[in-house]
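And the structure:
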């Protein structure tokens, strides 16, 4: 160990060296760093996000090793492991970047208290958002409940902070021997699936890391950003940034994206507004920590959801008989990601066509999305269900057939993810059950054998949802 007291740098969901406020501040103190990640079983994300976390840890460790350090992964509860390590390593201060989810905030508070009692400096920093959740408020000091005025307030305020660079020089210390029993070797993280290994599609689709995040942003700004507003709803087109998992794991920050967009000189208001929606979601979660469990509009507690295990399973497996819905759910299972327009369609189908509680969908997405965000995911589900703030009305029921014909007119997206319909022409692919059996057989499809028939009739499901809505409205007066 060095005679100079080190700074303990705790990485969480900020797997980057550039625009890392905690790292930058630690480097300015000109003390050696002890870099850690705490593997807390109870705080781990869903299966697909765990796969990404495994890659994020490995890539950051590699980047630190190139600088002469390492990322030490420790097991246990952060509120216990970090104060113990701080004592053993005789650190001068502990630095980390803030999280805003309920568990993260609780850990932050407990940890700061514990370190203060030990006489150790605890410093947390901003970086995951353009604006911390408590900073954008109405004139009366209340949180915004509608996105448009929220975003207007953000745009009227001071420009986002300027991202900080990667520190030019860093020095490191080794993990104390006393902490070695808590050390988890990178080949034993236990975050990736083995029996069975269902992550092949994720590996084909994604490479975690800061370098990949910058490459995605550069490619998007070079080719697609000006067409984003018009093309973003077409799932067959590669017209979105695909930055969401990189934001989720902090390989890149909103401030970096904002700065890159401004420097590009390209029109990107709609794209920036999507960053704004993410910020809005976090402001809601900050004030409503039970966002994933309770309706933001409590009157919806009386809505008569159905219990339908077969329907839920068919939806999860992409076997509903509605090609656009099935394509989206299969893309999700294969790649851990789904096009945003299709996310809306599949969510509406679960909630409105099947009358299944939105929380079932939120939980499935939490387990299968590599970009699962504890704020955006429940906000988006509540938006689709009509139970949240600034939400689509419950009686607005997306027609999956019309959505398919409008946004995937040639059926390219459907054929990519529902290969059993690959030979079906565009005129029939959006609702294959409307064709007669002989016609479908000519294209290699027998409904019920090669591809399922619809598990629910659209008109009947719509009528059922509206009836439930009507009864619900009577019940609440």
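Residue numbers (the UniProt record's numbering): 1 to 477.
Using N, Cα and C, we set each Cβ at its ideal position, and we do this for glycine too.
Alpha-carbon to alpha-carbon, residue 215 and residue 222: Locating residue 222 in the chain shown gives position 222, where the first residue counts as 1. Locating residue 215 in the chain shown gives position 215, where the first residue counts as 1. Each residue's Cα considered, the two are about 10 Å apart.
Residue 36, DSSP secondary structure in three states: The residue labelled residue 36 in the question sits at position 36 within the chain shown. Correct three-state label for residue 36: strand.
Range covered by the alpha helix (DSSP H) that runs through residue 263: Locating residue 263 in the chain shown gives position 263, where the first residue counts as 1. Secondary structure note for residue 263: its alpha helix (DSSP H) is the uninterrupted segment 254-264.
Alpha-carbon spacing of residue 414 relative to residue 323, whole angstroms: In the chain shown, residue 414 corresponds to position 414, counting from 1. In the chain shown, residue 323 corresponds to position 323, counting from 1. As the crow flies, the alpha-carbon of residue 414 is around 6 Å from that of residue 323.
Pair within 9 Å by beta-carbon distance, residue 51 and residue 192: Walking along the chain shown from the start, residue 51 turns up at place 51. Walking along the chain shown from the start, residue 192 turns up at place 192. Yes; because the gap between Cβ atoms is below 9 Å, this pair is in contact.
Residue 537 in three-state terms, based on DSSP: The displayed coordinates of the chain run from 1 to 477. Any statement about residue 537 would go beyond what the structure contains.
Environment of residue 402 [buried if 16+ CB atoms lie within 10 Å]: Taking the first residue of the chain shown as position 1, residue 402 is located at position 402. Exposed, by the Cβ-count rule.
Sub-9 Å separation of residue 242 and residue 407 beta-carbons: Translated into positions along the chain shown, residue 242 becomes position 242. Translated into positions along the chain shown, residue 407 becomes position 407. It is not a contact, given that the beta carbons lie outside the stated cut-off.
Closest residue to residue 206 among 185, 178, 245, 220 (Cα-Cα distance): Position 206 of the chain shown, counted from the first residue, corresponds to residue 206. Closest by alpha carbon: 245.
At least 3 beta-carbon pairs within less than 8 Å: the stretch 148-159 vs the stretch 9-16: no
Nearest candidate by alpha-carbon position, reference residue 71, set 93, 184, 5: Locating residue 71 in the chain shown gives position 71, where the first residue counts as 1. Comparing Cα-Cα distances from residue 71 to each of 93, 184, 5, the minimum goes to 184.
For residue 97, the three-state DSSP class (helix, strand or coil): In the chain shown, counting from the first residue as 1, residue 97 sits at position 97. In this structure, residue 97 counts as strand in the three-state DSSP scheme.
Straight-line Cα distance separating residue 328 from residue 488: Residue 488 lies beyond the range of the chain shown here (1 to 477); nothing can be said about it.
Nearest candidate by alpha-carbon position, reference residue 116, set 94, 201, 102: Indexing the chain shown from 1 puts residue 116 at position 116. Ranking 94, 201, 102 by Cα distance to residue 116 puts 94 first.
DSSP state of residue 123 mapped onto helix, strand, coil: In the chain shown, counting from the first residue as 1, residue 123 sits at position 123. Of the three classes helix, strand and coil, the one that applies to residue 123 here is strand, per DSSP.
Nearest-angstrom Cα separation, counted from residue 236 out to residue 412: On the chain shown, position 412 is the one that residue 412 refers to. On the chain shown, position 236 is the one that residue 236 refers to. Cα to Cα, the separation comes out at about 6 Å.
Candidates 376, 459, 334: closest to residue 417 by CA position: Reading the chain shown from its first residue, position 417 is the one you call residue 417. Nearest C-alpha to residue 417: 334.
With 16 other Cβ atoms within 10 Å as the buried cut-off, status of residue 419: By one-based count along the chain shown, residue 419 stands at place 419. It counts as exposed.
C-beta atoms of residue 295 and residue 368 nearer than 9 Å: The residue given as residue 295 occupies position 295 in the chain shown. The residue given as residue 368 occupies position 368 in the chain shown. No, the pair does not count as a contact, with Cβ atoms beyond the cut-off.
Given 8 Å, three or more beta-carbon pairs between the stretch 37-50 and the stretch 69-89: yes
Stretch pair the stretch 296-315 + the stretch 168-184: three plus CB contacts closer than 8 Å: no
Residue burial classification, residue 483 (beta-carbon count within 10 angstroms, cutoff 16): Nothing about residue 483 can be read from this structure; the chain reaches only from 1 to 477.
Residue 198 and residue 96 closer than 9 Å at C-beta: Residue 198 sits at position 198 when you count from the first residue of the chain shown. Residue 96 sits at position 96 when you count from the first residue of the chain shown. In this structure, residue 96 does not lie closer than 9 Å to residue 198 by Cβ.
Straight-line Cα distance separating residue 68 from residue 2: For the purposes of this step, residue 2 is identified with residue 2 of the chain shown, where counting begins at 1. For the purposes of this step, residue 68 is identified with residue 68 of the chain shown, where counting begins at 1. The predicted position of residue 2 is uncertain, since its pLDDT is 48 and thus under 50; a value taken from the coordinates is nonetheless stated next. If I take the Cα positions, the gap works out to 15 Å.
Buried or exposed by the 16-neighbour rule on C-beta atoms within 10 Å, applied to residue 395: Locating residue 395 in the chain shown gives position 395, where the first residue counts as 1. When all chains shown are included, residue 395 counts as exposed.
Whole-angstrom distance between residue 239 and residue 326, CA atom to CA atom: Numbered from its first residue, the chain shown carries residue 326 at position 326. Numbered from its first residue, the chain shown carries residue 239 at position 239. Each residue's Cα considered, the two are about 21 Å apart.
contact_flag[the stretch 440-455, the stretch 254-269] where n(CB pairs < 8 Å) is 3 or more: no
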